[in-house]
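For reference, the structure discussed in these notes is given below.
In our numbering, the protein residues as written are 439 to 853.
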């Protein structure tokens, strides 16, 4: 029997599943009936229809921060029994605690269970064009204009200065890029990163909205200033995450903080900046401490109504092996095993993988609460209205915090 699989469409994910099958594999590899959707369509199908409970789909690939709501709504099943009966190779020792801690949690005050298996990572990194930063003429001019050396940004103040310096629309070059598409992905994560730079977060330690006040206002205005100052390509509002990485690979962007997988994309055949890509840890906060970048990754989960649960689990186990994870990575996604990040084949594809373990030391997930998808949509709308549509920041921020409070209290926003 063939398990039915749903995931977000994209060249990397689709190629990574194709890499798990083929005549070169002794048993032919995994066998899945794949359906690839846009992110909003996938979210609607999983949260607004009974597909997961009715057996329409067996295996799903989702952002890990969706897992609490999927688990609490009964859409996915705990994996502990499956792991006991047919373990995943080296689980959990072969994965960073940054992943294991996110996919393992209790539901409705129950004991902790494992609800997903990490598939694709790519912590936010600082990514830059080495040809620009190593140019003697650029270095000399930057030093003369700013009194500082042109080295990859160590702080966010450095980042801002370098973004302004390299913004040259006449040369089809912009300082940085923001993925402004209101899809609840990069636009939300960029805002959360800037919140954390300023010492705040989505929720405080007591589970109350923490994105209002001065930190939230400053984060939104920082993002809006990148737009109104012309530091990002003028079509950035249309860009989703993948397209923002493609803009860098096209040579239109000098420096960005974006998913690590875009280093590999920029080093791929056809990239205009191939061989001229640098990567490092995200800029530090003003006090010198590491920026707590968003720990956002993708995980495989088996649905509660799966009609082919055994076949789905067999596919998960195969994908999560050391060799399967390397295949995932070499095909265009970013594997999640520690041994993958150290594999010479992977290192030759992108040296950024050597940074993953360090990047995750300071990373933090979004709040792992069942209401998170709703909170993401509240922030998604907030960022779109303030950063991209120019609405009043104080009014929109107050409205969003109120919506978040209503959501967390079990009420529908706006009523």
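Note that the Cβ used here is the ideal one computed from N, Cα and C, for glycine as well.
Between the alpha carbons of residue i and residue j, how many angstroms are there, rounded?
i	j	result
residue 757	residue 668	43 angstroms
residue 855	residue 442	This structure cannot settle anything about residue 855, because the visible part of the chain is limited to 439 through 853.
residue 471	residue 603	49 angstroms
residue 853	residue 511	Note on residue 853: pLDDT 44, under 50, position unreliable in the model; no value is reported.
residue 571	residue 793	20 angstroms
residue 779	residue 718	15 angstroms
residue 635	residue 493	43 angstroms
residue 586	residue 580	7 angstroms
residue 644	residue 685	40 angstroms
residue 549	residue 526	21 angstroms
residue 486	residue 841	20 angstroms
residue 626	residue 522	37 angstroms
residue 782	residue 706	17 angstroms
residue 539	residue 681	30 angstroms
residue 777	residue 620	35 angstroms
residue 854	residue 683	Residue 854 lies beyond the range of the chain shown here (439 to 853); nothing can be said about it.
Return the chain-ordered list of same chain residues with a C-beta closer than 8 angstroms to the C-beta of residue i, the five sequence neighbours on each side being excluded.
i	result
residue 829	823
residue 646	843 and 846
residue 421	The first residue shown for the chain is 439 and the last is 853, placing residue 421 beyond what the model contains.
residue 574	none
residue 584	599 and 603
residue 810	503, 504, 506, 507 and 804
residue 467	458, 459, 460 and 756
residue 582	none
Tell me which residues share the same chain as residue i and place their Cβ nearer than 7 angstroms to its Cβ, disregarding the 5 neighbours each side in the sequence.
i	result
residue 737	500, 502, 505, 541, 554, 555, 556 and 557
residue 775	532, 533, 760 and 763
residue 812	845
residue 452	474
residue 848	none
residue 605	612, 613, 668 and 669
residue 607	668
residue 694	565, 614, 615 and 686
Excluding the 5 residues flanking residue i on each side, which residues of the same chain have their C-beta closer than 6 angstroms to its C-beta?
i	result
residue 457	765 and 769
residue 577	588
residue 834	820, 823 and 824
residue 515	740 and 742
residue 714	567, 568 and 569
residue 489	483 and 495
residue 559	735, 772 and 774
residue 450	770 and 771
residue 816	838, 841 and 842
residue 413	Given that the chain is displayed from residue 439 to residue 853, the structure contains no residue 413 and the question cannot be resolved.
residue 520	751
Which residue from the options puts its Cα closest to that of residue i?
i	options	result
residue 593	584, 724, 642 and 796	724
residue 784	827, 702, 848 and 815	702
residue 518	654, 817 and 552	552
residue 789	803, 772 and 799	772
residue 661	641, 597, 642 and 706	597
residue 547	817, 808 and 838	808
residue 536	802, 818 and 608	802
residue 796	440, 728 and 657	728
residue 836	624, 449 and 654	654
residue 675	450, 827, 806 and 449	827
residue 439	748, 658, 777 and 786	748
residue 722	590, 683, 659 and 716	590
residue 700	652, 767 and 607	767
residue 696	708, 543 and 732	732
residue 632	524, 656 and 565	656
residue 818	708, 658 and 673	658
Since I believe residue j is in contact with residue i (beta carbons under 8 angstroms), could you give me their beta-carbon distance rounded to a whole number of angstroms?
i	j	result
residue 720	residue 563	6 angstroms
residue 614	residue 601	5 angstroms
residue 444	residue 477	With 8 angstroms as the limit, residue 444 and residue 477 do not qualify as a contact, their Cβ atoms being about 12 angstroms apart.
residue 638	residue 628	Actually they do not touch by this definition, with Cβ atoms about 14 angstroms apart.
residue 687	residue 664	About 20 angstroms; that fails the 8 angstroms criterion.
residue 528	residue 617	34 angstroms between Cβ atoms; not a contact.
residue 831	residue 622	With a Cβ gap of about 20 angstroms, residue 831 and residue 622 do not count as contacting.
residue 698	residue 561	6 angstroms
residue 730	residue 800	5 angstroms
residue 491	residue 513	6 angstroms
Does the Cβ of residue i lie closer than 6 angstroms to at least one heavy atom of the ligand COA?
i	result
residue 663	Ligands are entirely absent from the displayed structure, and the ligand COA is therefore not among its contents.
Three or more beta-carbon pairs under 8 angstroms between the segment 491-507 and the segment 749-768, yes or no? Counting Cβ pairs under 8 angstroms, three or more are found: they touch.
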